[in-house]
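If you want our numbering, it's the 1-based position in the sequence shown plus 44. For each residue, glycine too, the CB sits at the ideal point set by N, CA and C. As the structure is a prediction and not an experimental result, all values here were calculated from the model. Below: the structure, in structure tokens.
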Amino acid sequence: MRRPFCVDHDAGLDMCSLLVFPRLCVAATKRGVVMADITWKSILTKLVQGNHLTAEESEWFVDDLMKGNANPAAVGAVLATQQQLGLTADEIAGAAKAMVSHAVPLEVNRECTDIVGTGGDGAHTVNLSTMGAVIAAAAGVTIVKHGNRAASSKCGAADCLEALGLPLDLKPQAVAEVADEVGITFAFAKTFHPAMRFVGPVRAALGVPCVFNVLGPLTNPATPKHMAIGCANRAMSPIMAAVYAANGQSGMVYTSNEGLDEMAPTGPISVWEFKDGKVCETEFDPIEELGLAKVTIEDLRGGEPDYNAQAARDLFAGKDVPFRTTALLNAASAIVADGSLIDASAPLGERFRQAHAIAEQAVDSGRAAALLDEWIAVASKHVD
Numbered sequence: 045m046r047r048p049f050c051v052d053h054d055a056g057l058d059m060c061s062l063l064v065f066p067r068l069c070v071a072a073t074k075r076g077v078v079m080a081d082i083t084w085k086s087i088l089t090k091l092v093q094g095n096h097l098t099a100e101e102s103e104w105f106v107d108d109l110m111k112g113n114a115n116p117a118a119v120g121a122v123l124a125t126q127q128q129l130g131l132t133a134d135e136i137a138g139a140a141k142a143m144v145s146h147a148v149p150l151e152v153n154r155e156c157t158d159i160v161g162t163g164g165d166g167a168h169t170v171n172l173s174t175m176g177a178v179i180a181a182a183a184g185v186t187i188v189k190h191g192n193r194a195a196s197s198k199c200g201a202a203d204c205l206e207a208l209g210l211p212l213d214l215k216p217q218a219v220a221e222v223a224d225e226v227g228i229t230f231a232f233a234k235t236f237h238p239a240m241r242f243v244g245p246v247r248a249a250l251g252v253p254c255v256f257n258v259l260g261p262l263t264n265p266a267t268p269k270h271m272a273i274g275c276a277n278r279a280m281s282p283i284m285a286a287v288y289a290a291n292g293q294s295g296m297v298y299t300s301n302e303g304l305d306e307m308a309p310t311g312p313i314s315v316w317e318f319k320d321g322k323v324c325e326t327e328f329d330p331i332e333e334l335g336l337a338k339v340t341i342e343d344l345r346g347g348e349p350d351y352n353a354q355a356a357r358d359l360f361a362g363k364d365v366p367f368r369t370t371a372l373l374n375a376a377s378a379i380v381a382d383g384s385l386i387d388a389s390a391p392l393g394e395r396f397r398q399a400h401a402i403a404e405q406a407v408d409s410g411r412a413a414a415l416l417d418e419w420i421a422v423a424s425k426h427v428d
């Protein structure tokens, strides 16, 4: 493992001062951003000329988009050009500020954790973070998973969970009650970010990653205390970690060596841990440090929702599936981020060793399979 390199963000970052997270946004005034000099034409012209947007410009275009005012062609052009240039901290912060101001808050009575990937890695894997969420919850970590249907992949978290039988159309209060009852719940982006209905069709048509891939993990309406985030874009990982650190959250952002937004034993994994306002960058190799067999992208390949749902059932049933160790490793990332079930003061490799063993036991004991069934049953009772 590479020696950690830590940066102190206790004083905060300029970009983070612009970010308003869901719980803080409850008392916010109704939106009405008036920036007379900003238009879709001025934004697109600036991007085409190779210049990045300011936080205010980014906030304006996302706000206008979420009000349903934007032309889809203009939105697609801005998102694609912005992605080609590479996203900046200011662009992400401004966009997140606009997005959470349109969100429905989610109040959960437990300290919770989210495990999610940004998407956009193009690998079309099985839903590893979704499996990891169930396993971690079965081990005792309270999970509030925030997700949506597929945008640039074949099967998003919502698609997989729906295929498993989980109802997605719960009201916000019911979503919170499910978390209290079974220790895991799903915050469907469609419910908590209703303005995303204006974004979804454009993202689907675009078919490539954009700023909204990064915004999803940053805008969980429950504002979880702990986060385990896979990021396909390595350059964005430290920026996301810094935002979480400045917001007082703890956990990690990671990028696998294959550019996956999952924690996978394909080789060394770049990890940015954040806690107490600090971000520490290190490298973790699960093959060397945990003795896991190396896997390939093909071992992790998924398909349509029904296929991925059956893959999850097979894993929880104890069948010999090629992605077992990877799913356990993702569950371990949530267990490490939570920190309550392991020695949180141990080196990262040792924490993962402990967490991986806990995750393995949760599957082999049948607890993960049982929890999934209980979750579906309890959530189904909350459907109006």
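Which term fits residue i, buried or exposed, when burial requires 16 or more other beta carbons within 10 angstroms of its beta carbon?
i	result
G410	exposed
D417	exposed
E348	exposed
N192	buried
T174	buried
T267	buried
K141	buried
Q293	buried
P265	buried
A413	buried
T89	exposed
S102	buried
S389	exposed
E342	exposed
T73	In this prediction, T73 scores a pLDDT of 32, lower than 50, which makes its location untrustworthy; the coordinate-derived value is nonetheless stated afterwards. The residue in question, T73, is exposed, as its Cβ has fewer than 16 Cβ neighbours within 10 Å.
V315	buried
P330	buried
Tell me whether the beta-carbon of residue i lies closer than 8 angstroms to the beta-carbon of residue j.
i	j	result
A180	A337	no
L359	A371	yes
V255	A147	no
N374	V170	no
A223	V188	yes
T299	V339	no
F44	L344	Given that the chain is displayed from residue 45 to residue 428, the structure contains no residue 44 and the question cannot be resolved.
V380	A356	no
G94	L129	yes
A272	I136	no
C156	T186	yes
L109	V243	yes
D260	L304	Checking the sequence, you will find Gly at residue 260 rather than Asp. Their beta carbons are not under 8 angstroms apart, which means G260 does not touch L304 by this criterion.
L262	F230	no
L150	V226	no
T235	P211	no
E327	P312	yes
V297	M307	no
A183	A423	no
DSSP three-state call for residue i: helix, strand or coil?
i	result
F232	strand
K363	coil
W345	Looking at the sequence provided, one finds Arg at residue 345 rather than Trp. Three-state DSSP puts R345 in a strand.
V148	coil
A369	The sequence as given places Thr at residue 369; Ala does not occur at that position. Three-state DSSP puts T369 in a helix.
F328	strand
E83	The sequence shown places Thr at residue 83, rather than the Glu named in the question. Residue state, collapsed to three classes: coil.
K319	strand
S314	strand
T169	strand
M175	helix
S377	helix
A194	coil
K90	helix
L415	helix
N352	helix
E333	helix
M19	Because the chain spans 45 through 428 in this model, residue 19 falls outside it and cannot be assessed.
A401	helix
N395	Contrary to the premise, residue 395 reads as Arg rather than Asn in this sequence. Residue state, collapsed to three classes: helix.
C199	coil
D408	helix
V422	helix
P216	helix
R357	helix
C156	coil
D382	helix
L205	helix
A390	coil
A308	coil
Kindly identify the DSSP beta-bridge partner or partners of residue i.
i	result
K189	F230
G161	G274
S300	I313
Mind checking if residue i is an interface residue toward chain B, Cβ cutoff 8 angstroms exclusive?
i	result
A231	The chain inventory of the structure shown lacks chain B, comprising one protein chain alone.
Legend entry - In chain order, each alpha helix (DSSP H) run of at least 4 residues that lies wholly inside the segment 95–141: 99–110, 116–129
Inset, instruction - Run through the segment 219–298 for me and flag every whole beta strand (DSSP E) of 3 or more residues, listed as ranges in chain order. - result: 228–232, 270–274
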